[in-house]
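Colleague:
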Amino acid sequence: MSSGLHREIIGDILRLGRDEGWAVDAPVGEKPLAARLGVSRTPVRRALIDLSERGILRRVLGSGFKLNRPIDAAVIAECSNDAAGGKELYRKILNDRAAGLIPLSVTENALLAHFGASRGDLRRALLRLSAEGIVQRQRGHGWQFSESLDNPQAIIESYAFREAVETAALSQPDYRVDGATLERMRNAHEALMRKPASEIAPDMWFQVNAEFHETLASWSRNRFFLQAVKRQNALRRMHQFVDFPQLTPEQIKQSCEDHLAILDALAAGDRPRAVALLSAHLSQAAQDWHNQN
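Per the working numbering, the very first residue in the sequence shown carries number 656; after that it's consecutive.
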């Protein structure tokens, strides 16, 4: 099995666990995962063994695997960052695409010539970009970059759309908060705030940020709100990555504090306050972006 497929399956398993809120000690079955991912049991078994060696799962004699640690944004980022060469190339591809140095449609050979990278690193970077919805493999050969927020007007419109949609999601009559997931997100934000700014990588920041907004939308129990937020996160990925160096430590801290205040309001059952805080948070983020650009 290729290392690229192995990493892809690990990523798929982790995203399933995060999105479905697997609890610690929950069984993680090889056979049902293979059926859901559309692959044979052998690569799934290897991925589960790998995750157990990382301490994310644990092997239980006679009964397979159980979840050993909550799957949050930090865990996903940790597992995404293993291949240093692929990780660095991933960043270069995002930067050069945002700068218009790479066309929307491009072959692997053209990318190899452009970056002077190894084919293995390129494949790892492209598989990660594909899993995140940033590129798609074309029929035959080559890759197509997905639509992104590639001009200032599109970014301004995105902030306005997100404020309308995300606050509406919080106002739905069937809105229901999952306490365990809320605490896990709170812990992830607090852990991020304890890190020196120099140790916060763009992908780590994006994972925590995206998970927060998608989870809030998912609690609406309305699939269309969640789909809209996920779509916006996919569109924002490139510009957020490129703009990350402009973020000050104070802005990162303030964003985390905003998120924690929203979680506190939801934990207290005060949804009107959570809606007001979320609206102010997104409005301020739009203003900060406008001031810096």
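Where a beta carbon is used, it is the ideal one built from N, C-alpha and C, also for glycine.
(1) Below 6 Å CB to CB, which residues in the same chain sit around MET656 once its five sequence neighbours on both sides are set aside?
(2) What do you reckon, are the CB atoms on ARG640 and TRP860 nearer than 8 Å?
(3) Hey, out of LEU744, ASP913, PHE880, ALA809, whose CA is closest to GLU845's CA?
(4) Ignoring anything shorter than 4 residues, give me the alpha helix (DSSP H) runs that lie fully in the stretch 747 to 785, in order along the chain.
(5) Excluding five sequence neighbours on each side, which residues of the same chain lie with their C-beta closer than 8 Å to the C-beta of GLN793?
(6) Could you please give the first and the last residue of the uninterrupted alpha helix (DSSP H) stretch that includes PHE816?
(7) On the CB-based measure, 16 or more other CB atoms within 10 Å of its CB, does VAL679 come out buried or exposed?
(8) Taking the alpha carbon of ILE907 as the reference point, which residue from GLN882, SER853, LEU890, ALA883 has its own alpha carbon closest?
(9) Could you tell me the boundaries of the alpha helix (DSSP H) in which VAL679 lies?
(10) Whose C-alpha, out of SER707, LEU671, GLY676, is nearest the C-alpha of ARG691?
(11) For ASP751, collect the residues of the same chain with a Cβ closer than 7 Å to its Cβ; drop the 5 residues on either side in sequence, then sort them by chain order.
(12) Are the stretch 679 to 689 and the stretch 716 to 729 touching by the rule of at least three beta carbon pairs closer than 8 Å?
(13) Three Cβ pairs or more, each shorter than 8 Å: is that satisfied between the stretch 930 to 941 and the stretch 808 to 826?
(14) Counting C-beta neighbours from all protein chains within 10 Å, is the total for ASP727 16 or more, i.e. buried, or is it exposed?
(15) From the DSSP output, which residues share a beta bridge with LYS721?
(16) Please list the terminal residues of the continuous beta strand (DSSP E) segment that includes ARG792.
(17) Along the alpha helix (DSSP H) that carries TRP860, what are the first and last residues, could you check?
(18) Thinking just about the alpha-carbon of each residue, which of GLN942, ASN842, MET893 is nearest to the one in ALA754?
(19) Figure out for me which residue from ALA702, LEU825, ARG701, GLN862 has the closest Cα to the Cα of ARG673.
(20) Pop quiz: LEU871 and LEU825 are said to be a contact at Cβ under 8 Å. What is the actual Cβ separation, rounded to whole angstroms?
(21) Does the beta-carbon of ARG662 have 16 or more other beta-carbons within 10 angstroms, so that it is buried, or is it exposed?
(22) Measure the alpha-carbon distance for LEU847 versus ILE855 and round it to whole angstroms.
(23) To test your reading of the DSSP string, which unbroken alpha helix (DSSP H) runs of 4 or more residues are found completely within the stretch 872 to 912?
(24) Starting from PRO927, follow the alpha helix (DSSP H) in both directions and report where the run begins and ends.
(25) Who are the near neighbours of PHE880 in its chain, counting only those whose CB is closer than 6 Å to its CB and skipping five residues on each side?
Modeller: Per the coordinate set shown:
(1) Unreliable positioning characterises MET656 in this predicted model, as indicated by a pLDDT of 48, which lies under 50. The coordinate reading is nonetheless provided below. Result list for MET656: PRO698, in chain order.
(2) There is no way to answer for residue 640, as the model of the chain reaches only from 656 to 948.
(3) ASP913
(4) 763 to 770
(5) Around GLN793: SER760, GLN799.
(6) Boundaries of the alpha helix (DSSP H) harbouring PHE816: 807 to 825, taken from the DSSP string.
(7) exposed
(8) SER853
(9) Unbroken run through VAL679: none, as it is neither H nor E.
(10) Per the C-alpha coordinates, the member of SER707, LEU671, GLY676 positioned closest to ARG691 is LEU671.
(11) ILE757
(12) yes
(13) Short answer: they touch.
(14) The residue is buried, with at least 16 neighbouring Cβ atoms inside 10 Å.
(15) PRO682, ARG713
(16) Here the beta strand (DSSP E) through ARG792 covers 790 to 792.
(17) 857 to 873
(18) MET893
(19) GLN862
(20) 6 Å
(21) Burial check for ARG662: the Cβ neighbour count within 10 Å reaches 16 or more, so the residue is buried.
(22) About 7 Å.
(23) 878 to 898
(24) 926 to 947
(25) ALA824, ALA872
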